[in-house]
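What follows is one structure encoded as structure tokens, with my remarks underneath.
Residue numbers (my numbering), protein chains in the order written: chain V, 1 to 110; chain R, 1001 to 1116.
In structure tokens:
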């Protein structure tokens, strides 16, 4: 199965709060899970990525949690800031192309 | 330099026009991609070039014609487009052939196309 299911579709979080975006996959051959961040009028940019041999990866305020048995991974944004307002895509590289989730539009209230 | 540049930023064209989108990268990447992105949707892959050869065509209509003149440049020629082709067209590049699952793709800012 070449799908990556992402939720929620949109998310509003107060400044300083924790933003959590979830993704689930079916293909156990997926072995690399990047998150892309896209600001309006810009192309997507790699934010953070994880391999399934670790359960968590942290870069600054951004953390990926990975649950291999449940085939789920999530992005946590700690101390969310208005500048984090963007669309976030989880992804998994298939054999010949990146499989993107449908995206989450995150809005951080000032 | 991790930049992919695209020109023009905006393009308005009629259904009988011929226009071209341009993409350039100077990272030494050997895989380049064209994506189409509609509002509130993820990017959809259109074409992949690997070592200047077309390796993937995702069943894109022939009114879109890609060209890779050299390893740094990628063009998308447009002819007889339809209003439903209006979208953000993104170019991306990655280091090698595009078949490695752990390659990072670097995206340009896109060309916002409106077909009247």
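The beta-carbon is built from N, C-alpha and C at its ideal position, and this holds for glycine as well.
Keep in mind that this is a model prediction, so the values were computed, not measured.
Item                                                                                                                                                         : Value
Taking a cut of 9 angstroms between CB atoms, which residues from the stretch 42-54 of chain V lie near chain R?                                             : 42, 43, 44, 45, 46, 49 and 51
State yes or no: is the beta carbon of residue 103 of chain V nearer than 7 angstroms to at least one beta carbon in chain R?                                : yes
Could you tell me whether the stretch 1012-1029 of chain R touches the stretch 1077-1086 of chain R, using the rule of 3 or more Cβ pairs below 8 angstroms? : yes
Quick check: the stretch 38-56 of chain V against the stretch 1100-1114 of chain R, are there 3 or more CB pairs under 8 angstroms?                          : yes
For residue 1044 of chain R, which three-state DSSP category applies?                                                                                        : strand
Do residue 1073 of chain R and residue 1011 of chain R have their C-beta atoms closer together than 7 angstroms?                                             : no
Using the three-state DSSP reduction, which class does residue 1084 of chain R fall into: helix, strand or coil?                                             : helix
Taking Cβ to Cβ, would you say residue 1038 of chain R is nearer than 7 angstroms to residue 1087 of chain R?                                                : yes
Using a beta-carbon distance below 7 angstroms, is residue 1054 of chain R in contact with chain V?                                                          : no
In angstroms, rounded to a whole number, what distance separates the CA positions of residue 76 of chain V and residue 1014 of chain R?                      : 44 angstroms
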